[in-house]
Amino acid sequence: MRALTDASLIDAMRAGVPEAWAEFDARFRPLLERYATRVGIPRWEWSVCITEVLDDEALRLVERAEQLPQYPTAYLVRAVRSRFLELKRASLRRDRRYAQAAASDTKLLMSEHARRSSDPPRIAEERAEDRTPATHFARTLSAHLSTEEQQMLAWVAEGVPQRMIAEWLGISREAAKKRIARLCRRLRAAAPDVAALLPSADRREIDRLLRRASAPMTSHSGASDDG
Amino acid sequence: MDERDDATDAELGVAEALGRALLSDLAHPAWEDPRFLDWLAADAREDARRGWRLSRAQLRAHGESMMARAHARRLRVTQGGDAPLVKDDGRGGTSRRVVPVVELGIAAGVGRELWDEPADAWVEVPNDAPAGDYVALRVVGDSMAPLMHTGDTVLVRRGADVRRDTVIVARHPDDGYVCKRVSRVRRESIELASLAPGRPPIVIPRDARLVVGTVMLVWCSHRQ
Chain S
-12 MRALTDASLI DAMRAGVPEA WAEFDARFRP LLERYATRVG IPRWEWSVCI TEVLDDEALR
48 LVERAEQLPQ YPTAYLVRAV RSRFLELKRA SLRRDRRYAQ AAASDTKLLM SEHARRSSDP
108 PRIAEERAED RTPATHFART LSAHLSTEEQ QMLAWVAEGV PQRMIAEWLG ISREAAKKRI
168 ARLCRRLRAA APDVAALLPS ADRREIDRLL RRASAPMTSH SGASDDG
Chain X
2 MDERDDATDA ELGVAEALGR ALLSDLAHPA WEDPRFLDWL AADAREDARR GWRLSRAQLR
62 AHGESMMARA HARRLRVTQG GDAPLVKDDG RGGTSRRVVP VVELGIAAGV GRELWDEPAD
122 AWVEVPNDAP AGDYVALRVV GDSMAPLMHT GDTVLVRRGA DVRRDTVIVA RHPDDGYVCK
182 RVSRVRRESI ELASLAPGRP PIVIPRDARL VVGTVMLVWC SHRQ
């Protein structure tokens, strides 16, 4: 079973061979789990999410009469991503609905969970973090970078290992390591200057973002750990 | 600027945080690249298989449960373990909803109604099932193979509305009662398909009197 190509594996699944289904699971689940970990999907969400996606997509691939996707791995990764985004959007919608209900007179009818999760200031804080100020900040900062550096930054954020980045750029591992370090240092140095240009409300957000990334930036004392 | 050739964790952290902020939810260029995925997949598989020690029978069972789960999700059927059989028919004034279990094979083709048969077993309807008129049936035959087997009990919600990609119990003009997947609904006929491969679909006229109801739940005793 392990030696089969993806296409013939799916043919075997179409014939209803249970071992082929087990092999499909074994073949793609580890990859999807790594994807979920690296992209930062919370652990309590990904196991259900991945099982559902594998089940659904297995069935869809089996029933699809026309050609298979060219890269089944990429196809499944995309499926996991969209499923996860769906879940996220649903939870946002739910929060919004709770918040609306909390604002209206129906508050008395709500469950304890709903009331707690509709606490307005907390929602505002949590949601704002990865939204506009941070994105705006990152855009301003990355305007100073070259296209290649921007791409490298994206790879680093996606958790692509450095040896893979090196292979992509066609340089040695040492060189890639050096380039990434230089990029990181430049960003770190430029961050306070760019942050100073933002309005003060946004700066607090950015401050929190950077502190969470373990880089205190209210003073420049953080630079002392270079020594 | 010193030329150390590796970034500190703090510096990498900043880069990662910024990169994440920069990436919109929909753009993950690295994860679109098949070369990267192949490389990562091989790596992850080796890792996972080191811990995989399944016998052939376990492998088979794993595959079968995956097939059943996939079909159940798509056909909107809930899966249960052992059927919650009860001895009495619940007329004792309890608040539980109890329905009789009828053998699907018995009434075949005799022209009698399914629920005219005397019942010798009852099952309890789960609390979270929506309100409605239920009947439980014991499956005969393996045509719905990964999802239902001979001897499984299914909970059927009675009603004549038929939707595509659900499992219904219907009366076939010649063959008695069948439990099949609805593969197509036409204006004047309904096409029913089996899940097991190699069985031709059957077509019955679209008639409310022929449809018993929609399968909501499968109790499959030899699983889980």
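Quick note, the sequences are listed as chains S and X, same order. Anchor point for the first sequence: position 157 equals 144 in the numbering used here, and the numbering is continuous, going up by one each time. Anchor point for the second sequence: position 137 equals 138 in the numbering used here, and the numbering is continuous, going up by one each time. A virtual CB, placed ideally from N, CA and C, is assigned to each residue, including glycine. Note that this is a predicted model, so its numbers are computed, not measured.
Asked                                                                                                                 : Found
DSSP state of S:GLY214 mapped onto helix, strand, coil                                                                : For S:GLY214, the predicted structure reports a pLDDT of 31, less than 50, and the residue's modelled location is therefore unreliable. A value from the coordinates is still provided. Coil.
Top-ranked residue by Cα proximity to X:ASP162, from X:LEU60, X:VAL141, X:ILE191 and X:MET145                         : X:ILE191
Interface flag, S:PRO293 vs chain X, CB-CB below 7 Å                                                                  : The structure shown has nothing for residue 293 of chain S, since chain S only spans -12 to 214.
X:LEU196 - DSSP class collapsed to helix/strand/coil                                                                  : coil
Delimiting residues of the beta strand (DSSP E) encompassing X:PRO101                                                 : 99 to 104
Assigned secondary structure, S:LEU185 (DSSP; H/G/I helix, E/B strand, else coil)                                     : coil
Cβ of S:LEU74 within 7 Å of any chain X Cβ                                                                            : no
Partner residues on chain X for S:PRO17, Cβ-Cβ distance less than 7 Å                                                 : ALA45, ARG46, ASP48 and ALA49
Assigned secondary structure, X:GLY82 (DSSP; H/G/I helix, E/B strand, else coil)                                      : coil
Rounded separation between S:ALA61 and S:SER78 - CA only                                                              : 26 Å
Sequence-distant residues of the same chain with beta carbon closer than 7 Å to S:LEU170, five excluded per side      : GLU136, MET139 and LEU140
Nonlocal neighbours in the same chain, by C-beta distance under 6 Å from S:ASP117, ignoring five residues either side : Low local confidence applies: a pLDDT of 47 at S:ASP117 is under 50, so the model's placement there is unreliable, with the coordinate-based value given in what follows. Result list for S:ASP117: empty, nothing under 6 Å.
Near-chain C residues of the segment 63 to 80 of chain X - C-beta to any C-beta below 8 Å                             : Of the chains in the structure shown, none is chain C; the protein chains are S and X.
Contact belief for X:MET68 with S:PRO5 at Cβ below 8 Å, rounded distance in angstroms                                 : 6 Å
Cβ-based burial, S:LEU184 [other Cβ within 10 Å; buried from 16]                                                      : exposed
Unbroken alpha helix (DSSP H) run spanning X:SER184, endpoints                                                        : Unbroken run through X:SER184 is the beta strand (DSSP E), 177 to 186; no alpha helix (DSSP H).
With 16 other Cβ atoms within 10 Å as the buried cut-off, status of X:HIS72                                           : buried
Minimum C-alpha distance to X:ALA43 - residue among S:GLU32, S:LEU19 and S:ALA23                                      : S:LEU19
Chain-ordered chain X contacts of S:TRP8 [CB-CB under 7 Å]                                                            : GLY64, MET67 and MET68
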